[in-house]
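To start, the structure under review is shown below, and the notes come after it.
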DNA sequence: ATACGGTCCTGTTCGC
DNA sequence: TGCGAACAGGACCGTA
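In the working numbering, the protein residues as written are -15 to 263.
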């Protein structure tokens, strides 16, 4: 699933291949893909046709293509979304949701999404970001991100620390995979109440998040120059580097105890019961 | 205000 | 062999 590193790799790819392109045509092939663009598909198309993509930006897991019209095309990939740059005559797959043709012939941008949790909408960028994501917190790469205030906020809550890592209004970009990995590196159990963690422990945890992201972006970054910006996140640039996620039943790389899988928050949590004890 | 479980989706895997 | 159930989980929403 695309989390921050996968989205960042896609951002770089789209920036590389679509920036400065003028959109000549837009075709919405599945209405659910723009369900939160309330004025509908015709309005969506009208706002994008003839617009020039000026830059490609990201906060957390959200991408937006800034346009010379002053508006922005906001995109969230959900579980299975992909942004593809393809030859404009490449065969259309079953899960194509939106396609964007460019004035310059040769290539086009496609939004492909099997499970349709992803979505796009045209929004007005206010204060450097679309209004629809004003509630999304900064991620560790945003220049506005402040580790001290984020740590303080985290330590005010009595919720489990994993819940907070996944709360995009506290710190953005972290999904289930990197949450489990960061907790493993920090040797913390996901249900540990955040207000019972020391400042240093929360700092350490955020540092691990940042390091994980750095490593995953580096691993995925090798594909920037490929024509096809193709990532579903699941193929995992980083799957070889995982220490907890998906390793249930296998030995902990640190202490050799067996990694445990538990259902938590309606999803899977992987942890080492020996070096990430519940208490 | 915060907290949290339910809901949306469909291709793949699993179990009977 | 076939078919239904379970599973994957990010964001949002209603309720407490």
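Just so you know, even glycine gets a beta-carbon here, dropped at the ideal spot from N, CA and C.
Cβ-Cβ separation, residue 39 to residue 3 (assumed contact under 8 Å), whole Å: By 1-based counting over the first chain, the position of residue 3 is 19. By 1-based counting over the first chain, the position of residue 39 is 55. Residue 39 and residue 3 do touch by the CB rule: their CB atoms are close to 6 Å apart, below 8 Å.
In the DSSP assignment, the alpha helix (DSSP H) including residue 192 goes from what residue to what residue? Indexing the first chain from 1 puts residue 192 at position 208. Per DSSP, residue 192 is one residue of the alpha helix (DSSP H) stretching across 183 to 204.
If we call anything under 8 Å between Cβ atoms a contact, is residue 44 one with residue 123? Numbered from 1 along the first chain, position 60 holds the residue referred to as residue 44. Numbered from 1 along the first chain, position 139 holds the residue referred to as residue 123. Yes, Cβ-Cβ distance for residue 44 and residue 123 is below 8 Å.
I believe residue 243 touches residue 251 by the beta-carbon criterion, under 8 Å. Please report the beta-carbon distance rounded to the nearest angstrom. Locating residue 243 in the first chain gives position 259, counting from the first residue. Locating residue 251 in the first chain gives position 267, counting from the first residue. Going by Cβ atoms, the distance from residue 243 to residue 251 rounds to 16 Å, so no, they are not a contact pair.
Would you mind reading off the limits of the alpha helix (DSSP H) that contains residue 53? Indexing the first chain from 1 puts residue 53 at position 69. Unbroken run through residue 53: none, as it is neither H nor E.
Of the choices 59, 93, 62, whose alpha-carbon is the least far from that of residue 75? Within the first chain, numbered from 1, the residue matching residue 75 stands at position 91. Between residue 75 and the set 59, 93, 62, the nearest pair of CA atoms involves 93.
Member of 95, 227, 72 whose CA lies at the smallest distance from the CA of residue 57: Here the question's residue 57 lines up with position 73 in the first chain. That would be 95, whose Cα lies nearest to the Cα of residue 57.
Best match in 139, 0, 148 for proximity to residue 179 [C-alpha to C-alpha]: In the first chain, the residue the question calls residue 179 occupies position 195. The alpha carbon of residue 179 has as its nearest neighbour, out of 139, 0, 148, the alpha carbon of 139.
Below 8 Å, how does it come out for the stretch 66 to 75 and the stretch 8 to 22: are there three or more Cβ pairs, yes or no? Short answer: they don't touch.
Residue 68 lies in the beta strand (DSSP E); which residues open and close that run? Here residue 68 is taken as the residue at index 84 of the first chain, counted from 1. Per DSSP, residue 68 belongs to the beta strand (DSSP E) from 65 to 71.
Taking only three categories from DSSP, how would you classify residue 7? For the purposes of this step, residue 7 is identified with residue 23 of the first chain, where counting begins at 1. If DSSP states are grouped into helix, strand and coil, residue 7 belongs with the strands.
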